[in-house]
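Participant:
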Amino acid sequence: MSTDLIYVPRIRQRSRKRLHYVVFKSQSGELTFTCRGDETSSCHQYPNCECESWGDDHPHPNEPHQQCWAKNWFDNDGAFYVGDDEDGNGKPTRSGRGYVTFSFDGDSVEWEWVAKS
Ligand SMILES: [Zn+2]
Ligand SMILES: [Zn+2]
Numbered sequence: 001m002s003t004d005l006i007y008v009p010r011i012r013q014r015s016r017k018r019l020h021y022v023v024f025k026s027q028s029g030e031l032t033f034t035c036r037g038d039e040t041s042s043c044h045q046y047p048n049c050e051c052e053s054w055g056d057d058h059p060h061p062n063e064p065h066q067q068c069w070a071k072n073w074f075d076n077d078g079a080f081y082v083g084d085d086e087d088g089n090g091k092p093t094r095s096g097r098g099y100v101t102f103s104f105d106g107d108s109v110e111w112e113w114v115a116k117s
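Reminder that position 76 of the sequence shown reads as 76 in the numbering used here, one-by-one numbering, no gaps.
(1) Under three-state DSSP, which class holds Lys91?
(2) Any contact between the region 46 to 53 and the region 73 to 80? By contact I mean 3 or more CB pairs, one from each, below 8 Å.
(3) Between the beta-carbon of Trp113 and the beta-carbon of Gly98, is there less than 9 Å?
(4) Might you give, ordered along the chain, the residues of its own chain that have their beta carbon closer than 7 Å to the beta carbon of Lys71, omitting 5 neighbours on each side?
(5) If you follow the beta strand (DSSP E) that Asn72 is in, where does it begin and where does it stop?
(6) Any residues whose CB sits closer than 7 Å to a heavy atom of ligand 1? List them in chain order?
(7) By DSSP, does Cys35 sit in helix, in strand, or in coil?
(8) By how many angstroms is the C-alpha of Gln66 removed from the C-alpha of Tyr26?
(9) If distances are taken between C-alpha atoms only, which option among Arg18, Ser108, Asp38 and Ser28 comes closest to Tyr81?
(10) Which two residues bound the contiguous beta strand (DSSP E) that contains Ser40?
(11) Assign Pro92 to buried or exposed, taking buried as 16 or more other Cβ atoms, counted over all protein chains shown, within 10 Å of its Cβ.
(12) CA-CA distance, Arg18 and Val100?
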C-alpha cells in the first residue's frame with residue numbers, strides 16, 4: 001500500500017450519512033467503493049497544511065478535495081469489514097451491495113453495511 005497517497009483522518013472520524021456505497025463480490029473478492037458526496041461533504045475536507053491527520057496539535061486550515069478520504073483506504077486493502085459474517089480476512093462472506101458506515105481506528109478503516117430498515 002503506498003502510504004503517500006493515503007490521508008489519515010481524525011481518529012474515529014465516522015461516516016454516518018448514506019453517502020458511501022459498496023459493491024462486494026465474494027467469488028472474486030472484488031470490492032468497489034463509491035462516495036456519493038461532493039466537495040461540501042466532511043469526508044472531502046483535508047487539512048491544508050503539512051499534517052497527515054487531524055491531530056490536536058493546532059487548528060488545521062481546511063481544504064476541500066475532489067476525492068473522499070476513505071476511497072484510497074478501500075482501494076488499497078486498508079479497509080476491513082467488521083460485520084457479523086466477516087470471513088476472517090476482513091471481507092464479508094456473502095456478496096452484497098448497499099450503503100456502508102465506517103470509522104477510522106487509528107490504523108485502518110473498519111466498515112459494515114448500514115442496517116437495512
Ligand atoms: Zn495541520
Ligand atoms: Zn466520502
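Even for Gly, the Cβ is constructed at its ideal location relative to N, Cα and C.
Facilitator: Reading from the atomic positions:
(1) coil
(2) no
(3) yes
(4) Phe33 and Cys35
(5) No beta strand (DSSP E) holds Asn72; the alpha helix (DSSP H) holding it covers Trp69 to Asp75.
(6) Pro47, Cys49, Glu50, Cys51, Asp57, His58 and His60
(7) strand
(8) One point to set straight first is that residue 26 is Ser, not Tyr, in the sequence displayed. So the alpha carbons of these two residues sit roughly 29 Å apart.
(9) Ser108
(10) Here residue 40 turns out to be Thr, not Ser, going by the sequence shown. No beta strand (DSSP E) contains Thr40, which DSSP labels as neither H nor E.
(11) buried
(12) 7 Å
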